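Asker:
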Amino acid sequence: MTSTSTPTPEPGRGSPGGGTNADPTPRSSWIALAVLILGVSMALLDTTIVNVALPTIRTSFDASEGTLSWIISGYALAYGLALIPAGRVGDRVGHKWVFVVGLAGFTLASLWCGLASGATELIVARVVQGLCGGIFFPAVTALIQLMFAGRTRGKAFAVMGAAIGFSTALGPIVGGLLIEAFGENEGWRSIFFVNLPFGVIAVVAAIVLLPRIVVGATARGIDVVGLLIVTAALLAVLVPLIEGEDAGWPWWTWTSLAGGLLLIVAFASWERRVAARGGNPLVPPRLFAHAAFTGGAVLALVYFAAFTSIFFTISIFWQSGLGHSALASGIVSVPFAIGSIVGASQSERLTHRLGRTVLVLGTGMVAIGLVSLWLVLWLVPTGDLTHWTLAAPLLVGGIGSGMFIAPNSQFIVATVDRNQAGAASGVIGTMQRVGSAAGIAVVGSVLFGSLTFPPGRPTPEVVADAFGHAATMAMGTSAGLAVAAFLLVFTLPRRVDDRVRPA
Numbered sequence: 001m002t003s004t005s006t007p008t009p010e011p012g013r014g015s016p017g018g019g020t021n022a023d024p025t026p027r028s029s030w031i032a033l034a035v036l037i038l039g040v041s042m043a044l045l046d047t048t049i050v051n052v053a054l055p056t057i058r059t060s061f062d063a064s065e066g067t068l069s070w071i072i073s074g075y076a077l078a079y080g081l082a083l084i085p086a087g088r089v090g091d092r093v094g095h096k097w098v099f100v101v102g103l104a105g106f107t108l109a110s111l112w113c114g115l116a117s118g119a120t121e122l123i124v125a126r127v128v129q130g131l132c133g134g135i136f137f138p139a140v141t142a143l144i145q146l147m148f149a150g151r152t153r154g155k156a157f158a159v160m161g162a163a164i165g166f167s168t169a170l171g172p173i174v175g176g177l178l179i180e181a182f183g184e185n186e187g188w189r190s191i192f193f194v195n196l197p198f199g200v201i202a203v204v205a206a207i208v209l210l211p212r213i214v215v216g217a218t219a220r221g222i223d224v225v226g227l228l229i230v231t232a233a234l235l236a237v238l239v240p241l242i243e244g245e246d247a248g249w250p251w252w253t254w255t256s257l258a259g260g261l262l263l264i265v266a267f268a269s270w271e272r273r274v275a276a277r278g279g280n281p282l283v284p285p286r287l288f289a290h291a292a293f294t295g296g297a298v299l300a301l302v303y304f305a306a307f308t309s310i311f312f313t314i315s316i317f318w319q320s321g322l323g324h325s326a327l328a329s330g331i332v333s334v335p336f337a338i339g340s341i342v343g344a345s346q347s348e349r350l351t352h353r354l355g356r357t358v359l360v361l362g363t364g365m366v367a368i369g370l371v372s373l374w375l376v377l378w379l380v381p382t383g384d385l386t387h388w389t390l391a392a393p394l395l396v397g398g399i400g401s402g403m404f405i406a407p408n409s410q411f412i413v414a415t416v417d418r419n420q421a422g423a424a425s426g427v428i429g430t431m432q433r434v435g436s437a438a439g440i441a442v443v444g445s446v447l448f449g450s451l452t453f454p455p456g457r458p459t460p461e462v463v464a465d466a467f468g469h470a471a472t473m474a475m476g477t478s479a480g481l482a483v484a485a486f487l488l489v490f491t492l493p494r495r496v497d498d499r500v501r502p503a
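Structure (structure tokens):
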């Protein structure tokens with residue numbers, strides 16, 4: 001490895017007793033971590049901050065239901081597809097500059113989103129924004145892996161996990177405050193403009209403070225054909241899921257779904273062919289020789305499909321259905337945000353004490369929270385619903401989510417050989433983002449597909465009841481995904497070695 005900054009050695013090496021009481025990590029590494037966390041927070045905040053703005057965007061552009069889903073799913077899909085290629089480029093040219101370029105692009109794309117003059121332009125800008133987020137995110141995990149070691153590395157990843165959970169849950173609150181401050185009609189643009197000062201600060205700080213570490217020698221070419229095939233496959237599946245309800249499920253939607261499944265099979269065949277030739281496949285087939293890794297990859301997809309989609313449902317129901325403001329919609333998510341902070345703050349300690357049980361508890365609490373949320377929407381009359389009614393289920397779900405998000409990747413990566421950890425981490429990150437995109441597509445289709453009004457001009461009460469029914473169906477879908485995630489946790493190993501961390 002060529003580098004101008006050397007990764008911290010494992011604690012205890014060279015000491016007589018094999019251990020040390022002092023933390024060998026230099027202060028500069030923690031300062032660099034703060035810069036990385038700022039970038040992570042911006043990218044993850046944008047996965048949910050847009051949710052509370054969807055009703056106002058719909059009014060501003062007279063947008064369709066499918067357009068609203070694309071604004072969220074397009075970002076998540078582009079983000080996920082960029083992760084693995086960006087990680088490979090970072091190994092070759094240095095993760096610092098991949099982080100800088102990706103974050104600069106993300107900041108400029110945020111400006112474009114805020115200036116968009118139509119729904120289609122906003123979708124394109126969101127895709128570019130997601131693509132840039134996916135470019136700089138692998139550099140974050142890679143630099144943490146290289147700057148920290150042992151238990152200290154675990155603490156650094158716990159900080160990142162807490163930032164992910166907190167930023168995702170905080171998004172609706174921040175979005176609601178901004179729209180309240182700048183107005184319902186054009187206030188949604190401020191949720192993108194707010195990235196500009198933080199983006200500039202983070203880019204400048206990254207240039208000055210991040211170490212330049214180049215792995216280089218182990219990096220090989222990018223599987224461009226594989227990337228094109230999997231992109232086409234995911235689009236072939238997502239397009240009908242998002243557009244099908246609006247279009248009335250014509251023949252092309254079913255043809256596209258079938259074609260997407262065939263392309264997934266073709267992708268798997270191509271990846272095996274690349275591996276057999278000694279090439280560098282986008283998704284190494286050898287990873288899936290481990291049954292536990294396969295289960296973990298599905299877990300990542302299913303969990304993030306459940307987790308991300310709940311804010312989509314609540315935001316649309318609370319504003320379009322019940323007529324509340326964007327700020328009131330954001331306040332609903334406060335218990336989940338608080339719970340995420342609490343759960344994430346304890347995840348590292350609980351992981352070392354309980355092993356896999358921390359993930360069992362985390363996904364169990366998320367499942368209980370979402371099932372309870374579904375029951376509240378089903379049993380409580382729509383007119384009686386307040387943010388206090390949803391507070392307890394969201395708090396329970398938030399605590400569980402915080403406990404799960406921080407350590408889940410290291411447990412999944414631990415199912416494969418050590419020399420496969422980097423590739424496994426990239427695949428898991430992609431599955432998480434693809435899960436977010438798929439979750440919005442599926443839950444959005446259920447939400448809008450269940451939304452029906454009686455003939456004539458509906459009263460506010462009728463509108464509320466119609467949206468209440470649709471939200472109940474959508475939340476039931478999210479709850480079902482959360483229960484499935486709980487069951488999939490048992491495919492993971494009971495314990496994980498401290499040194500096995502995402503790369």
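Residue numbers for the sequence shown follow my numbering, so the first one is 1 and each next one is one higher. Glycine is no exception: its CB is placed at the ideal position from the N, C-alpha and C atoms. Since the structure is predicted, the reported quantities are computational estimates derived from the model, not experimental observations.
(1) Just to confirm my understanding: we take N21, look at its own chain, exclude 5 residues before and 5 after, and list those with CB closer than 7 Å. What are they?
(2) Is it the case that the Cβ atoms of G362 and F404 are separated by a distance below 7 Å?
(3) Take every Cβ of the region 74-84, pair it with every Cβ of the region 166-179, and state whether three or more of those distances are shorter than 8 Å.
(4) Please report the distance separating the alpha-carbon of G383 from that of G323.
(5) So F312 is in the alpha helix (DSSP H); what residue range does that whole segment cover?
(6) If you draw a straight line from the C-alpha of T308 to the C-alpha of A232, how long is it?
(7) Would you mind working out which of P285, E180, P407 sits nearest R353, comparing C-alpha positions?
(8) Of all the options M475, F288, R273, which has the alpha carbon lying nearest to the alpha carbon of F311?
(9) Whole angstroms is fine: what's the gap from S450's alpha carbon to M147's?
(10) W249 by DSSP, collapsed to three states: which one?
(11) Tell me the start and end of each unbroken alpha helix (DSSP H) in the region 158-240 that is at least 4 residues and wholly inside, in chain order.
(12) Could you pull out every residue in the same chain whose Cβ sits closer than 7 Å to the Cβ of I553, ignoring the five residues on either side in sequence?
(13) If distances are taken between C-alpha atoms only, which option among D223, M42, N195, F304 comes closest to A423?
(14) Which runs of the alpha helix (DSSP H) at least 4 residues long sit entirely within the region 344-382? Give them in chain order.
(15) Between A217 and the rest of its own chain, which residues show a CB-CB distance below 6 Å, the 5 nearest in sequence each way excluded?
(16) Among the residues of its own chain, which have a CB less than 7 Å from the CB of V239, if the five just before and after it don't count?
(17) Quick check: what's the CA-CA separation for K96 versus L143?
(18) Can you tell me the Cα-Cα spacing of Q145 and Q432, whole angstroms?
(19) Going by beta carbon distance, what residues of the same chain come within less than 8 Å of V159, once the five residues before and after it are set aside?
(20) Of all the options P281, T415, F336, L299, which has the alpha carbon lying nearest to the alpha carbon of V434?
(21) Following the continuous alpha helix (DSSP H) through P85, name the residue where it begins and the one where it ends.
(22) Compute the beta-carbon to beta-carbon distance between I207 and G444, rounded to the nearest angstrom, for a pair I have assumed lies under 8 Å.
(23) Examine the Cβ distances between the region 278-286 and the region 470-487 and report whether three or more of them are shorter than 8 Å.
(24) How about V366 and S409: do their beta carbons lie closer than 7 Å?
(25) Just to confirm my understanding: we take A63, look at its own chain, exclude 5 residues before and 5 after, and list those with CB closer than 7 Å. What are they?
(26) Given this structure, state the Cα-to-Cα distance separating G176 from A53, to the nearest angstrom.
(27) Roughly how many whole angstroms lie between the Cα atoms of F157 and A344?
(28) Please confirm whether I135 and A82 have their CB atoms less than 7 Å apart.
(29) Under 6 Å: does the beta carbon of A34 sit that close to some heavy atom of the ligand COA?
(30) So for T25, helix, strand or coil by DSSP?
(31) Among the residues of its own chain, which have a CB less than 6 Å from the CB of L261, if the five just before and after it don't count?
(32) Kindly indicate which residue of F99, S73, L375 has the alpha-carbon position closest to the one of G199.
(33) In whole angstroms, what is the alpha-carbon distance linking L390 and G398?
(34) Could you check what DSSP says for F148 in three-state terms: helix, strand or coil?
Answerer: By the coordinates alone:
(1) Since pLDDT at N21 reaches only 45, below the 50 mark, its modelled position is unreliable, and no value is offered.
(2) Going by C-beta atoms, G362 is nearer than 7 Å to F404.
(3) With a cut-off of 8 Å, the region 166-179 and the region 74-84 do not count as touching, because too few Cβ pairs lie within range.
(4) Rounded to whole angstroms, G383 to G323 spans 11 Å at the Cα level.
(5) The continuous alpha helix (DSSP H) containing F312 extends over residues 291-316.
(6) Rounded to whole angstroms, T308 and A232 show a C-alpha spacing of 23 Å.
(7) The option with the nearest alpha carbon to R353 is P407.
(8) Comparing Cα positions, the closest option is M475.
(9) S450 and M147: Cα-Cα distance of roughly 50 Å.
(10) Reduced to three states, the DSSP call for W249 is coil.
(11) If we require 4 residues or more, the alpha helix (DSSP H) runs fully inside the region 158-240 come out as 190-193, 195-209.
(12) Absent from the structure is residue 553, since the part of the chain shown begins at 1 and ends at 503.
(13) Looking at the Cα atoms, D223 is the closest of the given residues.
(14) List check, alpha helix (DSSP H) in window: 357-379.
(15) Confidence in A217 is poor, its pLDDT being 47 and thus under 50, which makes the residue's placement unreliable; the coordinate value appears in the next sentence. So no residue of the chain qualifies.
(16) Excluding its 5 nearest sequence neighbours in each direction, V239 has C-beta neighbours in its own chain below 7 Å: S256, listed in chain order.
(17) The straight-line gap from Cα to Cα measures roughly 8 Å.
(18) Those two C-alpha atoms are separated by around 19 Å.
(19) When the five nearest sequence neighbours on each side are left out, the beta carbons in the same chain lying within less than 8 Å of the beta carbon of V159 are those of L33, I37, in order along the chain.
(20) Nearest C-alpha to V434: L299.
(21) Bounds of the alpha helix (DSSP H) holding P85 are 65-93.
(22) That pair is no contact at about 39 Å.
(23) Fewer than three pairs of CB atoms, one per stretch, sit closer than 8 Å, so the region 278-286 makes no contact with the region 470-487.
(24) Between V366 and S409, the C-beta gap is not smaller than 7 Å, which leaves the two residues out of contact.
(25) Only I57, A119 meet the Cβ criterion.
(26) Rounded to whole angstroms, G176 and A53 show a C-alpha spacing of 8 Å.
(27) Looking at the two C-alpha atoms, the distance is approximately 11 Å.
(28) A contact, by the Cβ cut-off of 7 Å.
(29) You won't find the ligand COA in this model; it holds no ligand whatsoever.
(30) In the three-state reduction of the DSSP assignment, T25 falls in the coil class.
(31) Apart from the 5 residues on each side of it in sequence, L261 has no Cβ closer than 6 Å to any other Cβ in its chain.
(32) Closest by alpha carbon: F99.
(33) Approximately 12 Å between the Cα atoms of the pair.
(34) Three-state result, F148: coil.
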